[in-house]
Structure formats: C-alpha cells, structure tokens
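Peer 1: Sequential numbering of the sequence shown, starting at 10, is according to my numbering.
Backbone N, C-alpha and C fix where the C-beta goes; we use that ideal spot for every residue, glycine too.
Here the structure is a predicted model, which means the values were calculated and not measured.
Got a structure for you, questions after.
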Amino acid sequence: MATSILMPLAEELPTATVFDAARGLAQQLRARVTAAYIRLDPDAVAKAVPEIIIAGGVTRDVIARETAQAAAAAEARFEDWRNRNGGLAKAAADGKSGGWGASWSEHVGEFEPIITRFGRLSDFILLPRPTA
10 MATSILMPLA
20 EELPTATVFD
30 AARGLAQQLR
40 ARVTAAYIRL
50 DPDAVAKAVP
60 EIIIAGGVTR
70 DVIARETAQA
80 AAAAEARFED
90 WRNRNGGLAK
100 AAADGKSGGW
110 GASWSEHVGE
120 FEPIITRFGR
130 LSDFILLPRP
140 TA
C-alpha cells in the first residue's frame with residue numbers, strides 16, 4: 010500500500026518550507042502527496058463581514074472572486090513546484106512507478122473539519138511550523 014501525505018494549504022499559510030518537507034519525505038518514502046487547498050466559503054465570510062465593509066463594496070461575489078484568484082495562484086505555485094522537481098509528481102500518478110507523486114485538490118469550507126476529514130485517510134499531515 011502506498012504511503013500518503015496530506016499537505017494542507019490556505020491563503021494565510023506559508024508554503025515554501027512545507028513544499029520542501031513534502032518533497033523530501035515523499036522521496037524518502039516513495040509516497041503520494043496530496044495538496045489540499047482550503048478556501049473559506051464566500052457565503053460564510055459575507056455573513057461575518059460588518060455592514061460598513063459591505064457598504065464599501067465588499068460583496069459575496071467579490072469575496073468569491075478573490076478567494077478563487079488566491080486558490081488559482083496557489084495552484085500555479087504548486088504546479089511550478091511539481092515541475093521544478095523533475096515532473097516526478099506526474100510520473101507517480103498511476104501508483105506503479107515506484108517514485109513519489111503529488112496531486113492538487115481544492116475544498117471550500119472551514120479549515121479544521123476539512124483537514125480532519127481528509128487527514129484520517131493520510132499517513133502523514135504536513136503543516137507549517139507556527140510562528141510566534
């Protein structure tokens with residue numbers, strides 16, 4: 010059975026050290042890395058936004074567009090990371106290559122429940138070190 014590594018990503022989380030750690034661990038274990046980008050639900054964010062900000066033009070549609078743009082930028086960084094590391098990620102997609110691999114997934118909702126749900130199915134979860 011293949012080893013799986015969950016690499017949660019979000020707009021507010023730093024990624025550089027997590028990408029490096031994921032690659033190193035995946036190469037050692039010949040594992041699959043799943044990057045799980047989590048963006049907030051625009052409806053939930055819009056409900057929590059004070060009326061003064063809504064009056065300034067921050068609507069649910071603006072929130073949805075900006076979070077989608079942040080997710081697209083994060084996916085581009087992920088693809089760049091994958092490509093810079095020899096394309097091994099795509100080579101292992103079939104699970105038969107014996108190498109390591111990486112794939113992208115995107116989820117909308119709260120961070121903790123999503124990580125709990127998908128983390129149960131992973132052998133490792135890589136998170137950035139908290140900063141003080």
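1. Whose C-alpha, out of Q36, V54, F28, A79, is nearest the C-alpha of E21?
2. Out of F120, P139, T125, L130, state which residue places its alpha-carbon closest to the alpha-carbon of A53.
3. Starting from E21 and walking both ways along the beta strand (DSSP E), at which residues does that stretch end?
4. D50 and G108 - do their beta-carbons sit closer together than 7 Å?
5. Examine the ligand GTP and report whether any of its heavy atoms sits within less than 6 Å of the Cβ of L136.
6. Grouping DSSP H, G and I as helix and E and B as strand, with all else coil, what is A100?
7. Check A11 in the structure and name its three-state DSSP category.
8. Assign P59 to one of two classes, buried (16 or more other C-beta atoms within 10 Å of its C-beta) or exposed (fewer than that).
9. Distance, Cα to Cα, A55 vs V71?
10. Please tell me whether A40 and T76 are closer than 7 Å, where the distance is taken between their beta carbons.
Peer 2: The structure says:
1. For E21, the nearest C-alpha among the options comes from A79.
2. Here the closest residue by C-alpha is F120.
3. Boundaries cannot be given for E21, as no beta strand (DSSP E) includes it and DSSP labels it neither H nor E.
4. The answer is no: Cβ separation not under 7 Å.
5. Inclusion of the ligand GTP in the displayed structure is not the case, the ligand content being empty and no account of it being possible.
6. Note that A100 scores 47 on pLDDT, short of 50, meaning its location in the model is unreliable and no value can be drawn from it.
7. In this structure, A11 counts as coil in the three-state DSSP scheme.
8. P59 comes out exposed.
9. Looking at the two C-alpha atoms, the distance is approximately 10 Å.
10. In this structure, the beta-carbon distance from A40 to T76 does not fall below 7 Å.
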